[in-house]
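Engineer:
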Amino acid sequence: MEEGINLKTSVDVARIRRACRVAERCLRFLAGKVRPGVSTLQLDRLAADFVLKSGGEAALRGYRGFPCTICASVNNVAAHGIPTAAQLEEGDVLTLDITVSVNGWHGDAAWTFLVGGGGPDARRLLRAAWAANLAGIRAARAGGRLGDVGEAVQEAARRYGCSVIEDYVGHGIGRVMHEDPMVPNFGQHDTGTRIVPGMVFTVEPMLNLGSQATHVSSDGWTLVTTDGSLSAQSEHTV
Ligand code: MF3
Ligand code: CO
Ligand code: CO
Numbered sequence: 001m002e003e004g005i006n007l008k009t010s011v012d013v014a015r016i017r018r019a020c021r022v023a024e025r026c027l028r029f030l031a032g033k034v035r036p037g038v039s040t041l042q043l044d045r046l047a048a049d050f051v052l053k054s055g056g057e058a059a060l061r062g063y064r065g066f067p068c069t070i071c072a073s074v075n076n077v078a079a080h081g082i083p084t085a086a087q088l089e090e091g092d093v094l095t096l097d098i099t100v101s102v103n104g105w106h107g108d109a110a111w112t113f114l115v116g117g118g119g120p121d122a123r124r125l126l127r128a129a130w131a132a133n134l135a136g137i138r139a140a141r142a143g144g145r146l147g148d149v150g151e152a153v154q155e156a157a158r159r160y161g162c163s164v165i166e167d168y169v170g171h172g173i174g175r176v177m178h179e180d181p182m183v184p185n186f187g188q189h190d191t192g193t194r195i196v197p198g199m200v201f202t203v204e205p206m207l208n209l210g211s212q213a214t215h216v217s218s219d220g221w222t223l224v225t226t227d228g229s230l231s232a233q234s235e236h237t238v
């Protein structure tokens, strides 16, 4: 067994799934609110309200001092964007990431939306992020290894001509939001941590239209693409 990895019982998994369902329903609800003129701060308030009414807790709020319920990352922001009062515009690429806990168990998910219509490159990026996420999830099988997941993610991104950010990874999840194992979005088939029944982790690739290079802005949170290119992410807990 891999050291440091908390394997979950089927009861634990059911608890995690409850939190995931709240995260999913919240993202679905927010999807219906995303349009030009809406601010990410408004979306954050709607999310906070939704999670509360669903009997969950907003796990991101207060996490290492993060101020909000959702991460809202627009265009060249790859991740960890802090919601603001700025209005979304037609063609914006918006990633919403939410972590919910229910009775102390966590679920984590992120979807990327196109605000209004969008150009062919933005649409390709969104399809790529979803395809890469799905490929990684399909590769996550007991008996395999985490390198299978990373390779599948990378290969899917490559088919769409997008780069994969390598500095951020998926993670084990359960009673805490981030635990072992780390789940890289690159790698080689048949290498890395062995996947065994009872593991619960996220697959959450971030893809860019340009180079994979990113850096954290001066607010200490906002992760931006260094070349300013568009970025998208899809995250599921599996
Ligand atoms: N939900 C993010 C993840 O996928 C974590 C964001 S940490 C925050 O792991 F503090 F920025 F919210
Ligand atoms: Co995550
Ligand atoms: Co997340």
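Residue numbers for the sequence shown follow our numbering, beginning at 1 and rising by one. C-beta: ideal position from N, C-alpha, C; glycine also.
(1) Can V51 and V74 be called in contact, C-beta distance under 8 Å?
(2) Here's a check: name, in chain order, each residue in its chain whose Cβ is nearer than 8 Å to the Cβ of I241, leaving out the five neighbours to either side.
(3) Could you pull the start and end residues of the alpha helix (DSSP H) that Q42 belongs to?
(4) Grab me the residues of N76's own chain with a C-beta within less than 8 Å of its C-beta, minus the 5 sequence neighbours each way, in chain order.
(5) If you run the structure through DSSP and keep just helix, strand and coil, what is S217?
(6) By the 10 Å Cβ neighbour count, where 16 or more other Cβ atoms means buried, how is M1 classified, buried or exposed?
(7) Please name the residue in G118, G56, R127 whose C-alpha comes closest to that of S101.
(8) Which runs of the beta strand (DSSP E) fall wholly inside the stretch 135-204 and span at least 3 residues, in chain order?
(9) Assuming I239 and P181 form a contact by the criterion Cβ under 8 Å, report the distance between their Cβ atoms to the nearest whole angstrom.
(10) Can A140 be considered in contact with ligand 3, in the sense that its beta carbon sits closer than 7 Å to one or more heavy atoms?
(11) Report all residues from its chain with a CB closer than 7 Å to the CB of T69; omit the five preceding and five following residues, and keep chain order.
(12) Please go through the same chain and pick out, in chain order, the residues whose beta-carbon is closer than 6 Å to the beta-carbon of N208, but skip the five residues on each side of it.
(13) Tell me whether N133 sits in a helix, a strand or coil according to DSSP, three-state version.
(14) Is there contact between the stretch 144-151 and the stretch 22-32, where contact requires at least three CB pairs shorter than 8 Å?
(15) Closest by CA to A140, which one among A19, R18, G198?
(16) Cβ atoms of R123 and I160: under 8 Å apart, would you say?
(17) When DSSP labels each residue in this structure, what does E24 get in the three-state scheme?
(18) So for V34, helix, strand or coil by DSSP?
(19) Spatial neighbours of Q152 within its chain, please: C-beta separation below 6 Å, excluding the five flanking residues on both sides.
(20) Can you look up G210 in the DSSP assignment and give me helix, strand or coil?
(21) Which one or two residues does DSSP pair with E57 in a beta bridge?
(22) At a Cβ threshold of 8 Å, is N133 touching chain D?
Structural biologist: Inspection of the coordinates gives the following:
(1) no
(2) Given that the chain is displayed from residue 1 to residue 238, the structure contains no residue 241 and the question cannot be resolved.
(3) 40-53
(4) V224, T225, G228, S229, L230, S231
(5) coil
(6) The predicted position of M1 is uncertain, since its pLDDT is 42 and thus under 50; a value taken from the coordinates is nonetheless stated next. By the neighbour-count rule (16 or more Cβ atoms within 10 Å), M1 is not buried but exposed.
(7) G56
(8) 170-172, 179-183
(9) Outside the displayed range of the chain (1 to 238) lies residue 239, so it cannot be described from this structure.
(10) no
(11) D44, A47, A48, V51, A58, L60, R61, I98
(12) S163, T225, S229, S231
(13) helix
(14) no
(15) G198
(16) Note that residue 160 corresponds to Tyr in the displayed sequence, not to Ile. Contact: no.
(17) helix
(18) coil
(19) A small fix is needed here, since residue 152 is Ala in this sequence, not Gln. Excluding positions up to five away in sequence, the list reads A135, G136, A139.
(20) coil
(21) S101
(22) Structure shown: chain D not included; a single protein chain is present.
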